[in-house]
Amino acid sequence: MTMPVYLDSAATTPTDPRVAAVMTRILRSADEYGNPASSTHEYGDRASELVDAARERVAASVGATTADVVWTSGATEANNLAIFGVTAYYANQGRHIITARTEHKAVIDPCWELERRGWRVTWLIPGPDGIVAADQVEAALEDDTILVSLMQVNNEIGVIQDTRAIAAVCAQHDGARLHVDAAQSIGKVPVDFGASGADLMSLSAHKAYGPKGVGALLVSQRRGVRLEARQFGGGQERGLRSGTLAPHQLAGMATAFTLASQELPKEAQRIGALRRRLWDGLAALGGVLRNGTEQGTVPQLLNVSFEDVEGEALLASVSELIAVSSGSACTSSSNEPSYVLRALGRSDRLAESSLRFGLGRFTHEADIDQAITAVGNAVKRLRKISGQCATAA
Amino acid sequence: MRYSRLTWEHFSNASSAGVLTGTDVARAAAGSAADGTWVQFDIRAKRRGFAAALIIEARFQAFGCPHTIAVADWLAGRAAGRSAELRLPEPVGALQQLFGMPVEKLGRLFVLEDAWVGAVQALLKKQENA
Numbered sequence: 092m093t094m095p096v097y098l099d100s101a102a103t104t105p106t107d108p109r110v111a112a113v114m115t116r117i118l119r120s121a122d123e124y125g126n127p128a129s130s131t132h133e134y135g136d137r138a139s140e141l142v143d144a145a146r147e148r149v150a151a152s153v154g155a156t157t158a159d160v161v162w163t164s165g166a167t168e169a170n171n172l173a174i175f176g177v178t179a180y181y182a183n184q185g186r187h188i189i190t191a192r193t194e195h196k197a198v199i200d201p202c203w204e205l206e207r208r209g210w211r212v213t214w215l216i217p218g219p220d221g222i223v224a225a226d227q228v229e230a231a232l233e234d235d236t237i238l239v240s241l242m243q244v245n246n247e248i249g250v251i252q253d254t255r256a257i258a259a260v261c262a263q264h265d266g267a268r269l270h271v272d273a274a275q276s277i278g279k280v281p282v283d284f285g286a287s288g289a290d291l292m293s294l295s296a297h298k299a300y301g302p303k304g305v306g307a308l309l310v311s312q313r314r315g316v317r318l319e320a321r322q323f324g325g326g327q328e329r330g331l332r333s334g335t336l337a338p339h340q341l342a343g344m345a346t347a348f349t350l351a352s353q354e355l356p357k358e359a360q361r362i363g364a365l366r367r368r369l370w371d372g373l374a375a376l377g378g379v380l381r382n383g384t385e386q387g388t389v390p391q392l393l394n395v396s397f398e399d400v401e402g403e404a405l406l407a408s409v410s411e412l413i414a415v416s417s418g419s420a421c422t423s424s425s426n427e428p429s430y431v432l433r434a435l436g437r438s439d440r441l442a443e444s445s446l447r448f449g450l451g452r453f454t455h456e457a458d459i460d461q462a463i464t465a466v467g468n469a470v471k472r473l474r475k476i477s478g479q480c481a482t483a484a
Numbered sequence: 193m194r195y196s197r198l199t200w201e202h203f204s205n206a207s208s209a210g211v212l213t214g215t216d217v218a219r220a221a222a223g224s225a226a227d228g229t230w231v232q233f234d235i236r237a238k239r240r241g242f243a244a245a246l247i248i249e250a251r252f253q254a255f256g257c258p259h260t261i262a263v264a265d266w267l268a269g270r271a272a273g274r275s276a277e278l279r280l281p282e283p284v285g286a287l288q289q290l291f292g293m294p295v296e297k298l299g300r301l302f303v304l305e306d307a308w309v310g311a312v313q314a315l316l317k318k319q320e321n322a
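Set out below in structure tokens:
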């Protein structure tokens, strides 16, 4: 079976061969398989050196200090640790948090859980462009707000939030800490945790050509942020996240982040040109609506809705040729149209008929042309079957 | 989502999609695109005295999921040579099993049934008035 062209890089990215090489070398090593916490022998010391080196490289690639880095299994765990950890630690200072309707489920679900436990959550609704304005956050702040959690790059439409402006608003408030979910940011936008004004930041390796199963929560030591642990055991990560560390995973993440940082300018330009080619090709079909804008979004993402086309039928029609995500209700486990697109004002019908194209490091012009052809043929055919669109051939 | 072979064949080919024209064609539609499923059938039949009319050909148009399109195509494609009766050739439950449709999609089969029966009703009415 010929595999479809992969255009779902917002879901995950293939592991870069340079990352895989580093990981494989460690996995095959005869003297680096020790437990990093074993301080009584050379095996442990060597594994610990790998962890330290990875910590330094990850910190350097995102403008953090090594003391800020708390390893996790990925961004979902990092988001959970940030939200539950901060709210537990500062519970006596307030029980109000702020987030947005368009956050990732890994933020929304913990916030729902806090609501269930009696916390007050303000759910901000972004503008039609997906932007949460800093003055929206300012207006939502209350005396007992202790956490604001917003993503930097939206995983469905790629819109980039002005988290520095939001951080500035939070800084004026006595007690509101800013957590930024930056799972989609690495390799797409420059990330400088130290300069961002954020108190906490979630990171994921597999969105940036690193391995799955590893990520980090940055906890600003300079800003004196504290949180309660959610996982207990060996006391690793200064007691914030117990569990044996996996040196090959961490080294993989460090390599991926270093590469992402180095290659960002070149990739942004190349992928931006590919996205323009894709949009031009799709827009020529007519009845195609862009979810998000050219400006203010990362070049790796293009989200479009197709008028007069049923979403599941569209995805089924193209799935043998291209691998993309859909806003279709029948293709997701949640069984409802994309809540992000609905929050941005799209109807259920248009949210369901959306496709999210995730372009990446290994996407080429021929892949884009195949996508344009596949989607074009499917849309024309389905419109013809429905007889509802004048542009159908 | 994985689809059964029958579903995939009729969805990807949909050779009975289209419309019929002429004064002897009956048409009915059900559902709405806004609600996610809309189906229209066109039927041409010839009278047979006191016997039920004999369907000569049928076509469909549909806005819907692959299952909806596949079942519509199957119904229209098998219609020729059958009597025009006010029911589906197979019950809804049997169609659901035949095409391996998830139970939550059962409502789409009722839209198909409404469109089909509506088209036959329109046909009978047209022939009564002729």
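In order, the protein sequences belong to chains A and B. So in our numbering, spot 278 of the first sequence is number 369, and the numbers just go up one at a time. So in our numbering, spot 106 of the second sequence is number 298, and the numbers just go up one at a time. We put the CB at the ideal spot given by N, CA and C, even for glycine.
Look up B/D234 in the DSSP assignment and say whether it is helix, strand or coil.
Note: B/D234 maps to strand in three-state DSSP.
Among A/A320, A/R119, A/G301, whose alpha-carbon lies nearest the alpha-carbon of A/Q340?
Closest by alpha carbon: A/G301.
Anything in chain A within Cβ reach of B/G292, meaning under 8 Å, just list it in chain order.
Residues of chain A whose Cβ lies closer than 8 Å to the Cβ of B/G292 do not exist, since the nearest Cβ in that chain is about 14 Å away.
Short CB-CB distance (under 8 Å) between B/V211 and chain A
Judged by the 8 Å Cβ criterion, B/V211 is in contact with chain A.
Closer than 8 Å, CB to CB, is A/A407 near chain B or not?
Taking 8 Å as the threshold, the shortest C-beta distance from A/A407 to chain B falls below it.
Go ahead and pull the three-state DSSP assignment for A/V212.
Strand.
CB contact check: B/S196 to chain A, cutoff 8 Å
Under the 8 Å criterion on CB atoms, B/S196 is classed as non-interfacial with respect to chain A.
Same chain, Cβ closer than 6 Å to A/C261, neighbours up to 5 away in sequence not counted:
If we look at A/C261 and ignore the five residues flanking it on each side, its Cβ neighbours are V239, A267, L269.
Could you check which residue in A/Q263, A/E411, A/L291, A/A342 has the C-alpha nearest to that of A/D143?
The residue with the shortest Cα to Cα distance from A/D143 is A/A342.
Taking its Cβ as the centre, do 16 or more other Cβ atoms sit within 10 Å of A/I216, making it buried, or is it exposed?
Exposed, because fewer than 16 other Cβ atoms sit within 10 Å of the Cβ of A/I216.
Close Cβ partners of A/S287 (< 8 Å) along its chain, the five nearest in sequence each way excluded
Within the same chain, and ignoring the five residues on either side of A/S287 in sequence, the residues whose Cβ sits closer than 8 Å to its Cβ are G154, T254, R255, A258, V271.
Show which residues of chain A have a CB atom less than 7 Å away from the CB atom of B/I261.
The answer, in chain order, is A404, I476.
Which of the residues in the stretch 372 to 402 of chain A, read from start to end, lie with their CB under 7 Å from any CB of chain B?
Correct list: E401.
Among A/M242, A/L172, A/V395, A/T236, nearest to A/A191 - alpha-carbon criterion
That would be A/M242, whose Cα lies nearest to the Cα of A/A191.
Could you check whether the Cβ of A/R440 sits closer than 8 Å to any Cβ belonging to chain B?
Chain B has a Cβ within less than 8 Å of the Cβ of A/R440.
Between B/F302 and chain E, is there a C-beta pair that is closer than 8 Å?
In the structure shown, chain E does not exist; the protein chains are A and B.
Under 8 Å between C-beta atoms, does B/A206 make it to chain A?
Judged by the 8 Å Cβ criterion, B/A206 is in contact with chain A.
Return the bridge partner residues of B/R251 from the DSSP annotation.
Residue pairing for B/R251: DSSP places it in a beta bridge opposite B/D234.
Can you tell me whether A/S130 is buried or exposed, with buried defined as 16 or more other CB within 10 angstroms of its CB?
Under this definition A/S130 is an exposed residue.
Please identify, using Cβ separations under 7 Å, the residues of the stretch 248 to 272 of chain B that lie next to chain A, in order along the chain.
Correct list: Q253, A254, F255, G256, C257, P258, I261.
Using the DSSP secondary-structure output, state which residues sit across from A/S445 in a beta bridge.
Answer by DSSP bridge pairing, in chain order: A/S396.
Please report how far the alpha carbon of A/E133 lies from the alpha carbon of A/A121, in whole angstroms.
Across the structure, A/E133 and A/A121 are spaced so that their CA atoms are roughly 12 Å apart.
Residues in the same chain with beta-carbon distance under 7 Å from B/E305, minus the five sequence neighbours each way, listed in chain order, please.
Within the same chain, B/E305 has close Cβ partners L280, V284.
Do A/G278 and A/A345 have their C-beta atoms closer together than 8 Å?
Remark: C-beta atoms of A/G278 and A/A345 do not approach each other more closely than 8 Å.
Would you decide whether B/L298 is buried or exposed? Buried here means 16 or more other CB atoms lie within 10 Å of its CB.
Classified as exposed, B/L298 has fewer than 16 neighbouring CB atoms from the shown chains inside 10 Å of its CB.
Quickly, what does DSSP pair B/R270 with across the bridge? List them, please.
Its beta-bridge partners do not exist; DSSP assigns none.
Give a yes or no on whether the minimum CB-CB distance between B/A226 and chain A is below 8 Å.
With 8 Å as the cut-off, B/A226 counts as an interface residue toward chain A.
Does the stretch 239 to 255 of chain B come within contact of the stretch 450 to 470 of chain A, defined as at least 3 CB pairs closer than 8 Å?
Result no; under three Cβ-Cβ pairs closer than 8 Å.
Beta-carbon of B/F242 versus every beta-carbon of chain A: anything under 8 Å?
By this cut-off, B/F242 is not an interface position.
Is there a C-beta anywhere in chain A that falls below 8 Å from the one on B/F233?
It does not; no Cβ of chain A falls within 8 Å.
Which residue wins for smallest C-alpha separation from A/S295, given the options A/N170, A/Q227, A/Q327?
With distances taken between Cα atoms, A/S295 lies closest to A/N170.
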